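Numbering (my numbering), first residue to last: 368 to 1151. A short worksheet on the structure shown next.
See below:
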């Protein structure tokens, strides 16, 4: 859990604890520095000095061993046995001293581990000796075995040199570098002694000798620069000594020898020069280590004195901090609690109510409803003032956003209403032009304009829905479901790709007709837009137990499961409309229309690879018995002529079924009574071969009835007697009830539509008289 989740008391307590811990840590670091310096003396006397003696004895034993192997002697001689005894004694002394309690306490974990490793490695000296005495090791293998024993000791020395005091640690590393250079000199000495005892160097031995001598010279020169003045003077004296000069001369002579040459240096010359030079170097290293330890002791004492002073003063500061923190925390908590209570009262009770009232457009007195917080001029008071600024800013922003939303809704509604009025006027003008036009090609273009105007009307209604209002298109009476779907098809651009399946003898109540048409048009438009142009979109409907289901299925690429889930969630629970959320306005419009009538809209994957939209209309929106007298006592209403005409043409062009077929018995649908059509006389429209004008077709009782050829009759004046719909295709005949609905005509038809109808009647009469005159002339010619 994070610290910010705790209270102020806990945080202050944690601060005080951390302060005490910091003081204790600082005291321990200071103390540890002194303890480390003092412990260095213990480690030096208990581990380093015994190790140095063991190191020197191992170097001597290695030299004697290589000389013995070079001369070819079998078994150790007295000199070798004495040397091995001295080496064993030094090893025993190291074990006893390094494993003592004082050394183990003074040594840290890395140093203790290196001491243990060195002791275990030194135990292998007996195995090395047995291999040499048994003749299983040559000079190279024997030298490597001793080198490994000596390297373990140097690894221990590396850990001893890791001190906290920078100057002492630096001098210790410098002295360790000189000691390693001394070991390189000892290895070169042993290698040369063995080779000279044998009578000459092998090529590999000569190369190794040159490398060892060069390495120790470079190491000594680099380390000499880092030595303190006193050690530097002693080192310079060693470098300028006669033994060192003689040793360098012999090294150069050996280095200049080539393969196969007899050695120019004798064993005696080499032993005399190296023993003197190496002895002086080892003494310099030992004296330098002693001087290093001597410098560490006063430093440790000074560290302890600083610890006493700093620790005491630090402890006093810690106690004072604790007292001051407790008193300050009490006052701070008291003011914070008051500020918290006042802030909660404002944020939980007053501020939400004020923002809600502002959103409804009410006038609010902010000084009275949201009083300012006053907690003085200190930091807490400044926090209260900042909170006042925040709440006033929040209220101002809420008011501005509410006013902006209202303004946007009003603008959308105003633009939509104006556009809707213009589109209605445009449709009226187009309707008059369509009734007056007789040219099929011109009439076809007028139909295209009519279709575009209908789609523009739907876009205007989208704006009305987005603004939160209801479109002006309403129906008072029920409308057949097939006409509802056709009305939706009339508002789709690529309506010829839609296949309309049988919808059944079902009607939709008038109050939902406009919104359902709009909803279906949005869904069908989406299905057509997101499917390949060579595929069809199928629309079907049927009665179910919970109402009426309309399925819209496309053969497109479909949607991802996560996209389907997001779309269904957006439709089921529509979010608040925002200006920035314009990516899928169609879904928002569908969700608002569906929510208005409790219609369920679900998108799912189609087995054909596309998407299927299931629209479930509740039972209260559909009527099961499409009789001339519906259940609500009203009459069935028809969609406007332009909508059904375009839709009928659309379904006919798409190969869809234009009739409303009855549902199949046994599918959760009760059996419906058949509606028996009766012909009724009506005014004859102008012949319009490219535009069907009927709205709804019913299922004929017998297939043979449409195929009967009409018989031409004449009036007493010789004019042909007009039979309604005699020249129309069977699928386009309108079998409506026998009596005209004068109330509907009075309510629905505008003066422009009545004038257009009378014009059509007059044009038809003139055309009929012309045809009758032609027929009379033909009859007269036959009689003559």
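Ideal placement from N, C-alpha and C gives every residue a C-beta, glycine not left out. Source: prediction; values computed, not measured.
- Exclusion of the five residues before and after residue 962 leaves 941 as the residues of its chain whose Cβ lies within less than 8 Å of its Cβ.
- Residue 908 is bridged by DSSP to 917.
- For residue 758, no beta strand (DSSP E) encloses it; the enclosing alpha helix (DSSP H) starts and ends at 746 to 803.
- As summarised for the segment 468 to 494, the continuous alpha helix (DSSP H) elements at least 4 residues long and confined to that stretch are 468 to 473 and 476 to 489, given in chain order.
- The C-beta of residue 461 has 16 or more other C-beta atoms within 10 Å across all chains shown, which makes the residue buried.
- The Cβ atoms of residue 866 and residue 826 do not sit closer than 9 Å to each other.
- Across the structure, residue 1125 and residue 793 are spaced so that their CA atoms are roughly 21 Å apart.
- In the same chain as residue 965, and ignoring 5 residues on each side of it, the C-beta atoms closer than 8 Å to its own belong to 985, in chain order.
- In the DSSP assignment, residue 972 falls within the beta strand (DSSP E) that extends over 967 to 972.
- Cβ contact annotation for residue 721 (same chain, cutoff 7 Å, sequence separation greater than five): 731, 736, 737 and 762, in chain order.
- Selection 797, 819, 821 and 968 evaluated against residue 810 yields 797 as nearest (Cα-Cα).
- Residue nearest to residue 577 within the set 552, 607, 417 and 907 is 552 (criterion: CA-CA distance).
- If you compare the alpha carbons of 607, 770, 769 and 741 with that of residue 756, the shortest gap goes to 741.
- Counting the other CB atoms within 10 Å of its CB gives residue 592 a total below 16, which places it among the exposed residues.
- Unbroken alpha helix (DSSP H) runs of no fewer than 4 residues, entirely contained in the segment 573 to 645, are found at 596 to 606 and 609 to 623, following chain order.
- DSSP places residue 991 outside both helix and strand once states are collapsed to three, so it counts as coil.
- By the CB criterion at 9 Å, residue 496 and residue 453 fall outside the cutoff.
- Within the model, the alpha-carbon separation for residue 918 versus residue 967 is close to 12 Å.
- Judged by DSSP secondary structure, residue 866 falls within the beta strand (DSSP E) whose first and last residues are 865 to 867.
- Apart from the 5 residues on each side of it in sequence, residue 446 sits with its Cβ closer than 7 Å to the Cβ of 431 in its chain, given in chain order.
- Contact check for residue 975 and residue 922: beta-carbon distance about 5 Å, within the 8 Å limit, so the pair qualifies.
- CA-to-CA, the gap between residue 715 and residue 772 works out to about 25 Å.
- Around the beta carbon of residue 679, fewer than 16 other beta carbons sit within 10 angstroms, so the residue counts as exposed.
- The continuous stretches of alpha helix (DSSP H) do not include residue 979, which lies in the beta strand (DSSP E) extending over residues 978 to 985.
- Approximately 6 Å separates the beta-carbon atoms of residue 871 and residue 909; this is inside 8 Å, confirming the contact.
- Between the alpha carbons of residue 713 and residue 767 lies a gap of roughly 20 Å.
- Runs of the alpha helix (DSSP H) lying entirely within the segment 690 to 738, each at least 4 residues long, are 718 to 726 and 733 to 736 in chain order.
- The Cβ neighbour count for residue 913, taken over all protein chains shown within 10 Å, is under 16; the residue is labelled exposed.
- Taking C-beta atoms as the reference points, residue 526 and residue 478 count as a pair closer than 9 Å.
- When the alpha-carbon of residue 424 is set against those of 807, 455, 565 and 954, the nearest one is in 455.
- Remark: fewer than three beta-carbon pairs, one from each stretch, lie closer than 8 Å, so the segment 512 to 521 and the segment 628 to 646 are not flagged as touching.
- Cβ-Cβ separation between residue 437 and residue 508: approximately 14 Å, too far for a contact (criterion under 8 Å).
- Here the alpha carbons of residue 864 and residue 895 stand approximately 7 Å from one another.
- DSSP, read as helix, strand or coil, puts residue 880 in helix.
- With respect to residue 832, residue 855 sits apart: the two C-beta atoms are not nearer than 9 Å.
- Burial check for residue 893: the Cβ neighbour count within 10 Å reaches 16 or more, so the residue is buried.
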